[in-house]
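One structure below.
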Amino acid sequence: MATIERITEYLEVDLDAEAWRCTRCGREHGPAGESYKRGLVVHRRDPAEIHRPLIDPDAYAFTFAPDAEWCQLLEYYCPGCAVMVEVEYLPPGHPITHDIELDLQWLKDRAAARAAGTETEEAA
Ligand SMILES: [Zn+2]
Numbered sequence: 328m329a330t331i332e333r334i335t336e337y338l339e340v341d342l343d344a345e346a347w348r349c350t351r352c353g354r355e356h357g358p359a360g361e362s363y364k365r366g367l368v369v370h371r372r373d374p375a376e377i378h379r380p381l382i383d384p385d386a387y388a389f390t391f392a393p394d395a396e397w398c399q400l401l402e403y404y405c406p407g408c409a410v411m412v413e414v415e416y417l418p419p420g421h422p423i424t425h426d427i428e429l430d431l432q433w434l435k436d437r438a439a440a441r442a443a444g445t446e447t448e449e450a451a
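Under this note's numbering, the letters of the sequence shown match residues 328 to 451, in that order.
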């Protein structure tokens, strides 16, 4: 049986395979040593679709909606079950962020301690 650690609502890591997985459908998203986003589908959206202008954009240059020339909205979906895993706002052209770096050995040590019943407060 695989040793699974939940990381976020829709992300878990299979410590034996050292791979990211979807918590809903179990689809693998790639090596746990790399960004889970590499295994997801990305939908780039104009942020004004989400944050609609509060005043008439034909009459005013500034409408309280983010400017798509300065800000893009990236939505990340699981290709297996289509759950939205993450959303981030980045300037156009900015590399995708690497926001979770796992200490796989620490997670494996903690899982082994749990299995052996020797988990301590420091290891938890
Ligand atoms: Zn999924």
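Each residue gets a CB set at the ideal place from its N, CA and C atoms; glycine is no exception.
Following the continuous alpha helix (DSSP H) through Leu381, name the residue where it begins and the one where it ends.
Leu381 -> no alpha helix (DSSP H), and no H or E assigned at all.
If contacts are defined as beta-carbon pairs under 8 Å, then Leu342 and Val412 qualify, I think. What distance do you get, rounded to the angstrom? Distance from Leu342 to Val412 at the Cβ level is roughly 20 Å; contact not present, criterion being Cβ atoms closer than 8 Å.
Worksheet item: By DSSP, does Tyr337 sit in helix, in strand, or in coil?
Response: Look at Tyr337 here: in three-state DSSP terms it is coil, with no helix or strand label.
Decide if Cys352 is buried, meaning its Cβ has at least 16 other Cβ atoms within 10 Å, or exposed. By the neighbour-count rule (16 or more Cβ atoms within 10 Å), Cys352 is not buried but exposed.
Next on the checklist: Just to confirm my understanding: we take Ala293, look at its own chain, exclude 5 residues before and 5 after, and list those with CB closer than 8 Å. What are they?
Outcome noted: A question about residue 293 goes unanswered here, because the residues of the chain that appear run from 328 up to 451.
Practice task
Using 8 Å as the cut-off, classify the Cβ of Tyr337 as near or not near the heavy atoms of ligand 1, replying yes or no.
Solution key: Yes, the Cβ of Tyr337 comes within 8 Å of a heavy atom of ligand 1.
Query raised in the report: Got a sec, what are the start and stop residues for the beta strand (DSSP E) Trp347 sits in?
Result: Ala346 to Cys349 is the extent of the beta strand (DSSP E) around Trp347.
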